[in-house]
Each structure stands twice: as C-alpha cells, then as structure tokens.
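Report on the following structure.
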Amino acid sequence: MEYFDTLIVILQSTVRVSVPLILAALAGLYSERSGIFDIGLEGKMLAAAFAGAAAAAVTESALIGLGAAIFVSVCLALVHGFASITQRGNQIVSGVAINFIALGATVILGQAWFRQGGRTPQLSGDARFTTVELPFAAELADVPILGPIYSNLLSGHFLLTYLAFALVPFTWWVLYRTRFGLRLRAVGENPGAVDTAGISVTWLRYRAVICCGILTGIAGAYLSMAMTAGFVKGMTAGKGFIALAALIFAKWKPVNVMFACLLFGFLDAMSIRMQGNPLPFIGEVPVQFMQALPYMLTVILLAGFIGKAIPPRAGGVPYVKER
Amino acid sequence: MNDLAIELKGIDKKFGLVHANKAIDLRVRKGTIHGIIGENGAGKSTLMSILYGFYQADEGDIFVGGRKIEIKDPNAAITAGIGMVHQHFMLVENFTVLENVMLGAEDSQILNAGIAKARQELKRLEHEYELEVDPDAIIEELPVGLQQRVEILKALYRGAEILILDEPTGVLTPAEADHLFRILEQLKDQGKTILLITHKLREIMAVTDEVSVMRRGEMVATRTTAETSVEELAELMVGRRVLLHVEKGPASPGDVLLSVENLTVRDSRGVDMVKDVSFHVRAGEIVGIAGVAGNGQSELLQAVSGIRRAVRGKVWLDGAPVDVTGKDPSDLRHRGLAHVPEDRQHMGLVLKFDESENSILGYHDDPKYLNGLFLNIEAIRQDAAAKIEKYDIRPPNPRLKTANFSGGNQQKIVLAREMERDPKVLIIGQPTRGVDVGAIEFIHKRIIEMRDAGKAVLLVSVELDEIRSLSDRVLVMFDGRIVGERSPDTGEGELGLLMAGVEDGQEAAQ
Amino acid sequence: MSAPYAKLPGWVDYGLIPLINLAVAFLVAGLVVLAVGESPLRAASLMIEGAFGYGEGIGFTLYYATNFIFTGLAVAVAFHCGLFNIGGEGQAYVAGLGVALPCLWLDQVMPWYVIFPVAILGSALAGAAWALIPGWLQAKRGSHVVITTIMFNFIASSLMVYVLVDVLKPAGSMAPQTRTFAESGQLPRLDWLLSWVGLDIGGAPFNLSFLLALVMAVVVWVLIWRTKLGYEIRTMGHSPSAARYAGIGESRIIIITMMISGGLAGMMALNPIMGDQHSMQLDFVGGAGFVGIAVALMGRSHPVGIVPAAILFGMLYQGGAEISFEMPEISRDMITIIQGLVILFAGALENMFRPAITTFFATTGTARAGKTLPAGE
C-alpha cells in the first residue's frame, strides 16, 4: 500500500509537470504541421508566464492575466510568422532570436515594473488560478485503490490542467476532421498544392502560428499563475525544448504528444522523487541522468534507432512560387 | 463572339529583366483542344500561370466566356471555371485521393458531410470520363499516370470548364499518354475546352484542333491543326528552318573504352529506373542515347559517372572494372572519365562560386591547383583565364560570380573544365539545354572534335535532332531498357516509335 | 532568375544593408530602454564609456570578445557547410574538461607554456568530440543537426553538473567547482599589450587566449577560402548535389565540419578557465555559445566581420555591467535582448530592407553601375 501511495504521488506530480509540456507541444504541433518550425516555444512560454503574472498582479484577476499571457505570446508568434512567412527568413534563426528577446525582456521589464529582482509579486486570491475538486472527491477518498485514484489523481487540479488534456482530442479532431485541419496538414506537406487549390498559403500559416501562440500563452500562464504563484526569472527552464523533443518523439501526432509529454513528465517527477533514494536493483541513479533522459531518448529516436520521426515535408522551407 | 472560351489581349509580363510574355493575343474556341507549342523557355508556362492566377500580368486583359475578368489568384481562376494540371503535380503525397480532391473545395468547416458528397461526386466523374481511381489510395503509392488522373479529377471536381494541361506527357509512358489523349477527347465531347501545353509536335498533330506557336515570349502564329504540318510548326517554333546538320567526317572507332554490362539502377524512391542495360562505347565514336525524358537516362548517366549507386551490373572504364557502388566520382575522373551533367545549375556548377572556383570543381584535388593542402589561387585563376580565352566565355572574368553568366556561357564553363582534362571517356547530358543558338553550334563542334581526338563520347539528349546529327550510333532507351540500336540516318518516325516503346519485333528483342 | 533580388553594388550588399539591420536592432533596443524610463542616449554613452573609456574596461571588453570570437567562428564554419550548429554552448561546456583536467594533473609539475598547448588540444578535442555525435547522426542517419545539438546542450549541462558536483569537487568543499589551479595552470595576462598604448588593464582578466582567438580567426579564413577542405566545405554548403558530382564525400565533410566547429567552440573554454577563474566552475560558458550565433550572423560568417562583431558584443557585456551601476533598471539582461534583436534583424529578417534599398538604388541609377565583386565573397 505504501508503494501504491508513492505511485499516486508520483503520478500526481507527473500530471502537474506534464501540463505545460502538453500545451507547448500541441502549440508546436499546429505550427510545425503547417510547415513553420518553431524552436521559440521556450521564449513564447516565458514571455507569456511573465505577462500573465504581471497582469494578474496588477489587476488581481487571473483571467485578465491569462488574456495578457495569450496576447503577448501571440504577438511573439506573429513576429516569428512575419520573419518566416512574409520575409521568408530562416525559421531556426528567428526562433532563437525570440528565445533571447523573451529571456532578456522579461527580466528587464520585471525589474523596471516591480523591482523584485526580476520576479513579479506573489499572486494570491483571485489573481491566481485555483484548483477544482471533482464532485464527491472527499467522500470517495477512502475507497481502496479507486478512491485515491479519483480524489488524488483525477481530482484537485487546475481548470487549465483539464483544459490541456481536453485539448489533445480536440486537436486531433481539428487536425483530422475539420477543413482547417485538412488544409493545415496539406500546407505543411506541399504548399504548392494548397496554393493552386486557391487557398492562401500565407494566411493559413499565419493562422497556424497564431494557434501556436495561443497555446504557448496558456502554457506560460499555467507556469506562473497555477503551478506557482508568480513569475521567476527564466522559470521555463528548458520546458519549451522538452516540449519540442516530445513533439518530435510523438512524430507530430496529437495523441502521441500527450503520451510523450506524460513520459517526459514522469521522468521529471521521478528524478525529483529519487534524489537520494536508490532504486531497487539499480542503485542510486544520478538525478542529472534522469534530467537528461528525455533529450537522450529524443536523440535516439531522431537517429532512427526506434522507429523513424519524419517531419512535415515542407517544414522549415519558406514557400516561394516556382518560376 | 460567344463561342470563345478564352480570349487574351495584350498580355505582357516581365520578371526583372526577362521579358517572359510580350503582348500576347490568344483566342481559344469553346469545346476544342487547343495546343500551345514552343521551345523550353518560350513563355508558355508563364502565360498559363497568368491565366491560372499564379502570376499577375503586367498588362493586358483576360476574357473568359466573353466576359472580361480579373484573375488575381488561383481562386478567381477556379471560380471562372479554369482548372490546371501542373507539370509537377500539385498533390499532397501522403494524403488520399479523396483528401487531395477535396482540398480547397471542402464545402463546410467540418469535413464529414463533405467527404460523403465528394465520394459520390468522384464516383460520378469517374464513370462519366473513365477516370477510375481508388478514392482511398495514398497518392505516393500510385503510379504517375494515376496521379495525373487525380489532378484532372481535382479540376473537374471544382467544375472546371476549361482545362489547362502543362506538358502532361513528359512523365507518362506512351500507353499512359494514349490513355490521357482518349480522356481529353472525351472531355472535349462533353463540351469542355482544353489547352494543351507541350513542346512535342507529334502530340499537337495527334490531338489538337488548333495550335498556337510561341517563340521567345511572343505568340507567332495560330493554325488549324488539320491545315498545318510538323515542318511548318517546327519552323515557326524555332524561327528559322532547322538546319541541325553538323559538319563531321566518318567515325573511325578504336578500342572499347567504356563498357556497361547488365546495369540496374534504382532511384531514391526504390523504383528500378535502369533495367539490365548493356552497351559499349569505342574510342573515336559518339554513342547517342535517345529517349523521352524520364526513361532512365538520367539515372544511367549518374550511375556510370559514379554519382548514383547501381544495384547490379558491371562497368569497365578503359578495360578496368569500375566500382559500381557509386561512391567515388573523383576516382573515375582520375581514370579519365569526364562528365558534363544534365543539371548544370545544381550539379555541374556552384552558382555562388566565382568562375575560377567552378573551373576546378571535381578536379580540386589535382596537385596542379594545390600547394599541399592549400589552394593555389594563382594557378587556378590562370588556368581559368586560359579556358575562358579558348572557349570564348563571356564576360571574360574568372572572378565573376557564376550566377551572373548566361546559360550558354555557364555550359561553356562546364565543357571547358571537362574537355580540357583530355579524358578518355566523355559523357554528356543535355549539352544544349537552355543554351542560346550561337553557343549550340560551338558546343556541337567541340563534341565532334573530342570524337575526332579519339575520345569515347556518350551523349544523352531529349532533343532527337541533336542525337541524330551528332551520334555515330543511336541507342534508344525506353522504360529503363535499351530497346534498339539504329544508325543516326534512321528516319525520325522509326526512332520515334522506338522511343514510344513500340517495338518492331526483330531488333528490339536484344 | 535564380537571384531573387537585383544586383546591388558590393558596398551596399556587404556594408550598408548589414549596417542598417544592425541599426534597427539597436533602435528597437533603445525603445526598450526608453520603456523602462531611461535615456537610450545616456545608456549608450555610459556603455561606450564603460567598455572603452579606461584600461580595465577595455581589458574586460576584450576578455569577453575572446569568448565570442571562438564561438562566432564555430557557428560560421558550420554555416559555410550549410549546417546550423546551435550546440556551441554545450560543446564549450564539455570542452571545459579538456582544459581543466590537464591543469589539474599538470599544474604542480609543468610550467604554463607546456600546459597551454595540452589544454588547447584538450579543449578542441573535447569540443570536437561533443559535436561529432550530432555530426555523425546528421551525416549517417539524417537526424537534423539543429535539433540534436539543442538536445546535446541539455545533455552536456546535466553531464557537467554531475561531473562538477560528484566527481571533480574537492572533498569538503561546498561549491560545485574544481580546486583552483596553481600558477602554472593560469594564462599570462596581456597587460603588456595594452600598456604599449599607455593603458592599464587593472584587474581585467584579459589574457593570452585573446591572441589565440585572433590566430584562429586567421586560421579559419585560410581554412575556408584557401584550402582544399574549405573548398569542399563551401561546395557542400552551397550545393550538396554539386558536391556529390564533384566526388566530395558528404558524410565525411559534414562530420569534419562539425568537429572543426565543435573544436573552435571548445577552445572558448580556455579563456574563462585558464585565463580568468583558474578553476572550472558551474556554467562557466554563460551563454557565449549562443552569442556566437549573433556574432556569426552579424559578421556574415567571415572572420573579418566576426572579430569586430565579437568586440561589439564584448562591449555590450562589459558596458552593460557598468550601466547597471548607474541605471539600476538596466541589468546584463539588456544584452540578451540586444543579442536576440541582432539575431532577428541580421539573421531572420536580413532581407527586410533590401527591396526598399534596391528600389532606391534603381531609381537613383547607381545599381547598374555596380562593379563586379572581388571573388570569395
């Protein structure tokens, strides 16, 4: 029973840390499926985390904070879109640029506005998202096995958490069951086909980039307004890149994305849990090894040793009409 | 004039300094197959792209069905009832046929309803025009002919009344091309108007009702097909009577320098493009390989020159076996094989390099261009200047970026590099593609000189005239095989039949 | 037709347009300064004063620039082969081992001029080794080098934390760093160099590795434009199919280029470890690997552009530190923004102003008069 409780605790924190990964990876999915590579997920998430926490701190409203987070993230996404789509610039370079601009700007503006060394004020009350208890969670807690699963694992999360998980089937549905999804997938594979079918490649890709911005915005808001109560300098700490790794690991498919993020989240939760606790049979695993594991797994996958990750065919290439 | 499907008045288009279309007028009657013919680069594709809204004309008016319209994007063209089958198919390769047909014409935000409707409509079109395709097949798994059918279905699904086909037979086997022409006839019978862009005279004569000829961006003539001849069209196309006769004496073949045995080559998609091919080339002769583009000539050249790996077979160069796993073109170079590649701009040259840098491409490990590990810039530039002089490359500046040379001069840079090495074997792909008339004569003369100097020359060209006027022996390639050997004096008709895969029994059996 | 833009005179293409892009980047940075309520002009003058106004400032500026010359050259060499090596950060980090281990082993028994060459070799080899795997994966397995080098940055970070905390930390110490090297594990400062012009570098850690960086800039120029290998690298970068035609082994060139790139990034480790801290500390690279991207883009992948670009960023680092005393609103992070803006405007948006400039020159009629450029870019 003790192991079971431990497991529940680990899984619970897995869910907690997976949420921003899922949101950011889905964000990347919209963008990359349309043919715009985005290594600026990290920067957008960071900027959104800051904007959300800052706006919430000033207005005392979590919803306004969320709105600000999404707004800022979409703005950065549009910069990336302008560079990649309109100016046909290098998408990798643009993504790198956005990461740095966000990293620097959040600290400079944070210091100028709040004078707390780049932090935003501690959020409390209405300024922060609260967790929701599912019905009867308290009553059912004592039921063996199912009780803890329901009341500890499934209940007691933020609305944003449920939203993130709901977005997985929703994204699948959008991608495979709507006109927008059909066109999105097409433009990432062969923009020429989309163009000659009378659809604007530019507008389609801009919409994809905006979707990406909205989702990284939510991911950022989750980080600074739900998971923690305020913005801290550099708080994304590579989550944008883990999400990118998860997206590749999931071969750009929505449901796979969720599982990849849960796996990477689980590794993260385990590494925190295992600090100083030797594993049975294996002995003590350095926490750094666990932290590096998602990246190593992604490299191994990319190398084609476990299946092959084939990116969208037109990915990373600006669309130029043939002449 | 209501019986006009399309009328173009004064269409003019410039791309920077290139005047692609010069005040083009065109009238296409409803319910006809109208051919547009011209050499590569004559401006046919640009004109059609303007009609399809892919580019906007700088000047001029477009009338469809007697009504003047603005075609500012493909959507406007589709609305006006114009459909287009592109030379390079505009299909999403990992989508199904159905998804490709629906793309851009989905009816509603949610796909479900549209899918059922599309499936039904597709079935109707298939029956009506004999265009059977499995709607659930994945495009990349279909043969090219069927992929083209999907392109046609896409246009018809959008209600096209006018169908533009841009070089549709370039990628088709003769059987597929025949089938395509039957489909076109049928579409015509149903009242559709068809614009057929091609540079192949035979196709024009076979299926069109009327034909317009373009030359260097201008529309030079329109004829009723029944009242014209291949000769007249050819003359209109080229602008002067085709006198491709090159002065050359009889060949005096010597030892076999290049020999190919049972060579099989696969392309990147895993399709066998060269199938069990055997032939040889002797010193002092030019062997030409004729064939419709895409019948394995490119892969053959690449395999023989070591660029592409061969699956099976043997190649001997000057009596010594060659490693056919295609690892080392530079090794072959050292052993006396020079290669003028088909794709000059991507393979034969680095356009961003200056002229002198390109003049050593592939020979950059020659000690005469090096000081140990370092480049001997002085020697390289002197060497380049000498070649510029000898081959009359203009402008005569070895430090000018290669992209700034004209097509003909770019080709001369490649030829100078390969020919001046004094190779034993010279293989040349498309020696005069995209080359101006003046340079063509120069290049042809050089090739003959190489032969007379005792080199073994293997020549691949899609221009049958070029093959016939230069070669001492002609091999015809079809569907990855050599289907016959003929003398260059053989009639165009007979060679044409061989190239189309129509075997004539006795000789084709080899 | 293959060139998307009309031809411009060389000085516009290689001088004016990059300058305009840079000016816009700094203009936007100025707006940020304005937004936090400070005067951009005063900030700029403080920065220049702090970076170049006195000997110690110049010493620090050149100390930082040393890092960026190495990492900028690293990114540039890969660019010439058409590869984007984002992994300079990780390569330099791991290369710290190649510097620190020789120092730790030899500093009691050998003089610095013996240890220095060993450390150069060690850092280059370690950096090259860390770049070898992404290079090999790109060449042999087709895994995109951008993604793998990003992943390798994180793996390097975890690895080095482990090494510093669990392996190299002296017993009884709390700080995750190696012991301090003896004097022979320390590089001589270049105070004499600046004293020639009458400047005193004070406490600035401006050291011998700066000269090594300049030597490497020359080496890179020779390598790219004057050697057979460089010719092959450039052929590959411009046109992989031409490289195949020319018999240049694709895998070989990709792997070698990545190793050279990694080696250059790795040498950066010499500067902070042997030149300044005299021990290997956690996160000693401090983002220099990423600054290299901005430096390479700004310097147009040419050593003649990279060295001044590196000095400019050295100025930003040093001057930025100075500003924060006078203007508390502006911390070092301002440089991160500028770095991002430079990457954005000199990299992703490099052609944004080109159409307007082309039109300008076309209407004034000078575009046609443009003489042909000297070769070799």
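Protein chains in written order, with my numbering: chain A, 860 to 1182; chain B, -2 to 507; chain C, 2 to 378.
Think of the CB as a built atom: it goes at the ideal place given N, C-alpha and C, for glycine as much as any other residue.
First and last residue of the alpha helix (DSSP H) that includes residue i?
i, result
"ILE161 of chain B", "Segment 159 to 163 is the beta strand (DSSP E) holding ILE161 of chain B; no alpha helix (DSSP H) there."
"GLU90 of chain C", "89 to 107"
"ASP273 of chain B", "From DSSP, ASP273 of chain B is part of no alpha helix (DSSP H) but of the beta strand (DSSP E) over 269 to 279."
"SER1130 of chain A", "1113 to 1133"
"ASN22 of chain C", "18 to 36"
"HIS331 of chain B", "326 to 331"
"GLU50 of chain C", "41 to 53"
"GLU386 of chain B", "374 to 388"
"SER872 of chain A", "861 to 892"
Could you give the residue range of the beta strand (DSSP E) that holds residue i?
i, result
"PRO318 of chain B", "317 to 319"
"TRP313 of chain B", "307 to 314"
"GLY57 of chain B", "56 to 61"
"GLU57 of chain C", "Careful: GLU57 of chain C lies outside any beta strand (DSSP E), inside the alpha helix (DSSP H) at 56 to 81."
"ASP9 of chain B", "1 to 12"
"PHE207 of chain C", "Looking at the DSSP string, PHE207 of chain C is not in any beta strand (DSSP E), and its letter there is neither H nor E."
"THR918 of chain A", "Unbroken run through THR918 of chain A is the alpha helix (DSSP H), 900 to 918; no beta strand (DSSP E)."
Give me the Cα-Cα distance between residue i and residue j, rounded to the nearest whole angstrom.
i, j, result
"ARG238 of chain B", "GLU229 of chain B", "Residue placement at ARG238 of chain B is flagged as unreliable, the pLDDT there being 44, under the threshold of 50; a coordinate-derived value is accordingly withheld."
"THR72 of chain C", "VAL115 of chain C", "25 Å"
"LEU1099 of chain A", "GLN981 of chain A", "Looking at the sequence shown, residue 1099 of chain A is not Leu but Gly. Going from the Cα of GLY1099 of chain A to the Cα of GLN981 of chain A covers about 24 Å."
"ALA120 of chain C", "CYS104 of chain C", "7 Å"
"ASN368 of chain B", "ASP362 of chain B", "10 Å"
"ARG396 of chain B", "ILE307 of chain C", "24 Å"
"PHE509 of chain B", "GLN408 of chain B", "Here chain B has residues from -2 to 507 only, and residue 509 of chain B is not among them."
"ALA87 of chain B", "ALA30 of chain C", "Here residue 87 of chain B is Met; the residue named in the question, Ala, does not match the sequence. Taking the straight line from one Cα to the other gives about 44 Å."
"ALA1 of chain C", "LYS69 of chain B", "As shown, chain C starts at 2 and ends at 378. That puts residue 1 of chain C outside it, with no answer to give."
"ALA964 of chain A", "ALA349 of chain C", "19 Å"
"THR365 of chain C", "ILE358 of chain C", "11 Å"
"GLY488 of chain B", "LEU495 of chain B", "11 Å"
"PHE475 of chain B", "PHE1118 of chain A", "51 Å"
"THR93 of chain B", "LEU169 of chain B", "21 Å"
"GLY287 of chain C", "ARG1064 of chain A", "35 Å"
Less than 9 Å between the C-beta atoms of residue i and residue j, yes or no?
i, j, result
"LEU1121 of chain A", "PHE1108 of chain A", "no"
"MET269 of chain C", "SER124 of chain C", "yes"
"ASN272 of chain C", "SER185 of chain C", "no"
"SER105 of chain B", "ARG1036 of chain A", "no"
"GLY89 of chain C", "ILE255 of chain C", "no"
"ARG305 of chain B", "GLU296 of chain B", "yes"
"ILE1073 of chain A", "ALA886 of chain A", "yes"
"ASP897 of chain A", "GLN950 of chain A", "yes"
"ASP315 of chain B", "LEU370 of chain B", "no"
For residue i, which option in the options has the closest C-alpha, if you only look at C-alpha atoms?
i, options, result
"HIS1016 of chain A", "A:GLY1097, A:THR990 and A:TRP1031", "A:THR990"
"SER302 of chain B", "C:ARG301, C:TYR246 and C:PRO206", "C:TYR246"
"ILE191 of chain B", "B:VAL204, B:LEU198 and B:LYS197", "B:VAL204"
"TRP972 of chain A", "C:GLY321, C:GLY315 and C:ALA36", "C:ALA36"
"ALA1085 of chain A", "A:LEU1022, A:GLY894 and A:ILE1159", "A:LEU1022"
"PHE1125 of chain A", "A:ALA883, A:VAL938 and A:ILE869", "A:ILE869"
Beta carbons nearer than 7 Å to chain A: which residues of the segment 37 to 56 of chain C have them? VAL37 and GLY38
Could you name the residues of the segment 997 to 1016 of chain A whose beta carbon sits closer than 9 Å to any beta carbon of chain B, in the order they occur along the chain? none
Using a Cβ-Cβ cut-off of less than 9 Å, give me the residues of the segment 356 to 367 of chain B that come near chain C, in sequence order. ILE357, LEU358, GLY359, TYR360, HIS361, ASP362, TYR366 and LEU367
Using a Cβ-Cβ cut-off of less than 9 Å, list which residues of the segment 316 to 335 of chain B approach chain C; keep chain order. LYS324, ASP325, PRO326, SER327, ASP328, LEU329 and ARG330
Determine which residues of the segment 1148 to 1159 of chain A have a Cβ less than 8 Å from any Cβ of chain C, and write them out in chain order. PHE1148, GLN1150, ALA1151, TYR1154, MET1155, THR1157 and VAL1158
To be precise: take each residue of the segment 931 to 947 of chain A, compare its Cβ to all Cβ atoms of chain C, and keep it if any distance is under 7 Å. Which residues remain? ALA942 and GLN946
Pull out every residue of the segment 237 to 258 of chain C whose Cβ sits closer than 7 Å to any Cβ of chain B, in chain order. HIS239, SER240, SER242, ALA243, ARG245, TYR246, ALA247 and GLY248
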